[in-house]
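The next block holds one structure in the form of structure tokens; read it before the comments.
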Amino acid sequence: MTPRVALTAMGGALFVLAPLLLILTGNTEIVTSSDEGAGGRPLWTAIVPVLAGLALIRLMPPSLPRVPEADGAARRPIVRQVRWLVGIAIAFPVLVAVIGAQTLAYPLVKVSLLLGGALLAVRLIRAEVPRAVPARWFWVVPAVAGWGLLAFWVPTDLTPYAEMDRVYLVAAMTVTFLTASVLEEYFYRVTLQTRLEAVAGRRPAIVATSLLFAAMHVPSHLDGDHVWVSLAALVAFQGFFGLFTGYLWSRYRRFGALVVVHGAVNALPMLPLFVG
């Protein structure tokens with residue numbers, strides 16, 4: 197078994213075992229937000245939309261040119277970049293666990309590492325990363341629409357946010373959009389996954405990046421009294437979401453689609469607060 201096959205198999209096993217653990221332990225409602233007092237949502241709303249989205253991505257269209265993998269001398273600098281980027285992806289949640297996810301320093305640390313650190317790595321280590329021609333925009337629509345229809349089928353409990361000042365809420369949502377919907381997708385998909393694909397192939401890259409993306413949320417979501425359950429919930433929600441956005445990026449190379457999807461997850465549930 198090659199390392200890339202082993203990585204894909206082990207990662208795939210986690211994506212099967214995590215929802216299974218939640219179902220067997222009766223935890224079929226998961227908390228997906230780190231906001232204080234945030235309610236849960238049915239487990240199926242995290243899994244089923246992603247599975248439907250993955251199927252639509254694969255089918256629309258049935259065939260697209262694949263990005264060639266780097267080899268020989270072109271491969272070595274990309275591997276060095278990947279090592280630095282994976283190091284950043286591991287260091288970030290460790291540092292957040294130390295400083296706290298609810299502190300004012302959190303967004304500064306996030307921007308410094310995921311943007312500043314990533315730019316520094318790719319600038320200092322020069323590499324020719326294979327590029328793909330973005331697919332036509334209309335191919336993206338069915339997958340995003342199908343995923344969204346199922347993902348937002350069940351309304352979110354907005355009780356914890358009902359009394360919040362709307363100006364404060366808009367400011368918080370704007371910061372979240374920039375540091376999560378834009379920055380996280382830029383770092384994990386555009387920067388890290390693209391390079392992992394070039395040296396390890398599509399499937400290992402998507403699986404590895406999705407798990408690193410889920411790991412980023414450990415400091416803010418981990419419940420010390422129910423460690424295994426909260427870890428399984430992270431894989432079931434953030435991890436599965438990473439699979440969807442990862443495959444979306446791998447096939448279409450449309451950064452705007454990633455921002456729309458990630459932005460929708462964070463902002464659309466809040467819409468009733470402003471129009472109700």
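To get my numbering, take the position in the sequence shown, counting from 1, and add 196. Beta carbons: idealized from backbone N, C-alpha and C, even for Gly. Being a predicted model, the structure only gives us computed values, none of them experimental.
Helix, strand or coil at residue i according to DSSP, with G and I counted as helix
i: P257; result: coil
i: V227; result: strand
i: P476; result: A query on residue 476 cannot be resolved here, the shown segment of the chain reaching from 197 to 472 and no further.
i: R237; result: strand
i: G222; result: coil
i: L300; result: coil
i: L467; result: coil
i: G420; result: coil
i: P415; result: helix
i: V371; result: helix
i: R449; result: coil
i: I286; result: helix
i: G397; result: coil
i: M206; result: helix
i: V246; result: helix
i: T198; result: coil
i: E381; result: helix
i: V263; result: coil
i: A358; result: coil
Outcome for residue i when other beta-carbon atoms lying within 10 angstroms are tallied against a minimum of 16
i: A317; result: buried
i: T405; result: buried
i: W343; result: buried
i: F436; result: buried
i: T441; result: buried
i: A347; result: buried
i: V403; result: buried
i: R399; result: buried
i: V350; result: exposed
i: P264; result: exposed
i: V395; result: buried
i: S259; result: exposed
i: T198; result: exposed
i: R449; result: buried
i: I226; result: buried
i: L281; result: buried
i: T352; result: buried
i: L310; result: buried
i: L239; result: buried
i: P356; result: exposed
i: L407; result: buried
CA nearest to the CA of residue i, picked from the options
i: A287; options: L346, V212, P258 and V305; result: V305
i: P454; options: D419, V386 and P468; result: A small correction: the amino acid at residue 454 is Leu; Pro does not occupy that position in the sequence shown. Ranking the options by Cα distance to L454, first place goes to V386.
i: F451; options: T355, V329, P245 and P257; result: V329
i: W333; options: L444, T241, L407 and L469; result: L444
i: A270; options: A323, G236 and V263; result: A323
i: P465; options: M206, T204, L210 and T228; result: T228
i: V471; options: G438, I402, L239 and A358; result: A358
i: D419; options: A293, R200 and R254; result: A293
i: A266; options: F373, V282 and V325; result: V325
i: T413; options: G438, P257 and G397; result: The question names Thr, but residue 413 is His in the sequence shown. Comparing Cα positions, the closest option is G438.
i: R272; options: I321, T204, R237 and G207; result: I321
i: F433; options: R200, A242 and V371; result: A242
i: S416; options: G459, P289, T355 and I219; result: P289
i: G208; options: A401, F373, S446 and L469; result: A401
At least 3 beta-carbon pairs within less than 8 angstroms: the stretch 386 to 397 vs the stretch 274 to 283: yes
contact_flag[the stretch 408 to 426, the stretch 357 to 377] where n(CB pairs < 8 angstroms) is 3 or more: no
Taking 8 angstroms as the cut-off, does the stretch 213 to 229 touch the stretch 427 to 443 (at least 3 CB pairs, one atom from each stretch)? yes
Indicate whether the contact test is met: 3 or more Cβ pairs, each with one atom in the stretch 284 to 304 and one in the stretch 318 to 337, closer than 8 angstroms. no
Can you confirm whether the stretch 437 to 457 touches the stretch 367 to 381 when touching is taken to mean that 3 or more C-beta pairs between the two stretches lie within less than 8 angstroms? yes
Minimum length 4: unbroken alpha helix (DSSP H) runs contained in the stretch 303 to 333: 314 to 320
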